[in-house]
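According to the working numbering, the stretch in the sequence shown is residues 6 to 143, in order. Yeah, the Cβ is synthetic: ideal placement off N, Cα and C, and Gly gets one too.
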Amino acid sequence: MEQTLVLIKPDAIANKHIGDIIKHYEEAGFKIAAMKLMQMTEKIASIHYAEHIGKSFYDELVKFMTDDPIVAMVLEGENAIAKVREINGATNPANAADGTIRKLYAENGSRNAVHASDSAESAAREIAIFFSKVEMVG
Ligand code: CMP
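Spelled out as structure tokens, the structure:
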């Protein structure tokens, strides 16, 4: 069993797609091991997006992610990391496969509806940023 961190981003929340997005993960069989609606602070953004500090899109990314609430969740299941990224689709919705969350709900490559961890190392690191042990079930 693997765990992965998913963030539903402010664009998807503004467009009222929280339920639609969670449905994709539930229908794929994933267990929700933790979940909360929260405000991402600049501090949390700088830790979560540490690898992007200094990139051209970093300031815009942080403003977008901190201006409005996000939903953070931990999904659990077999091959969760790769499967959830497949369900999400390519970073830019223009390149995302039909039926993926980003194809259906993302606005563009920056306001792209969801985030998911890209490796086991990232998942462990990112889950610890957003959730304490007592916030996780099972
Ligand atoms: P995510 O997978 O959550 O992690 C990094 C985020 O940076 C990415 O989704 C996008 O929201 C954003 N991002 C990545 N590349 C670009 C880009 N070229 N221009 C703007 N935003 C980007």
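Going by DSSP, what residue range makes up the beta strand (DSSP E) through residue i?
i, result
"G24", "Where G24 is concerned, there is no enclosing beta strand (DSSP E), although the alpha helix (DSSP H) it sits in stretches over 23-32."
"V119", "119-121"
State yes or no: is the C-beta of residue i within less than 9 Å of the C-beta of residue j?
i, j, result
"V79", "M6", "no"
"R107", "N84", "no"
"F135", "H53", "yes"
"A128", "L10", "yes"
"A19", "D73", "yes"
Quick one: give me the first and last residue of the alpha helix (DSSP H) that residue i is part of.
i, result
"A129", "125-135"
"K108", "106-110"
Let's test the definition: count the other Cβ atoms within 10 Å of the Cβ of residue i and tell me whether it reaches 16, buried, or not, exposed.
i, result
"Q8", "buried"
"I86", "buried"
"S122", "buried"
"L42", "exposed"
"I23", "exposed"
"A118", "buried"
"E91", "exposed"
"E126", "exposed"
"A111", "buried"
To the nearest angstrom, report how far apart residue i and residue j are at their CA atoms.
i, j, result
"A17", "K36", "21 Å"
"I58", "A99", "25 Å"
"G104", "V76", "21 Å"
"I49", "E32", "30 Å"
"Q44", "T96", "22 Å"
"A39", "R116", "24 Å"
"G34", "G82", "7 Å"
"F69", "G143", "33 Å"
"P15", "K60", "21 Å"
"I13", "S51", "18 Å"
Length at least 4, wholly inside the stretch 10-85: the alpha helix (DSSP H) runs in chain order
15-19, 23-32, 47-53, 63-72
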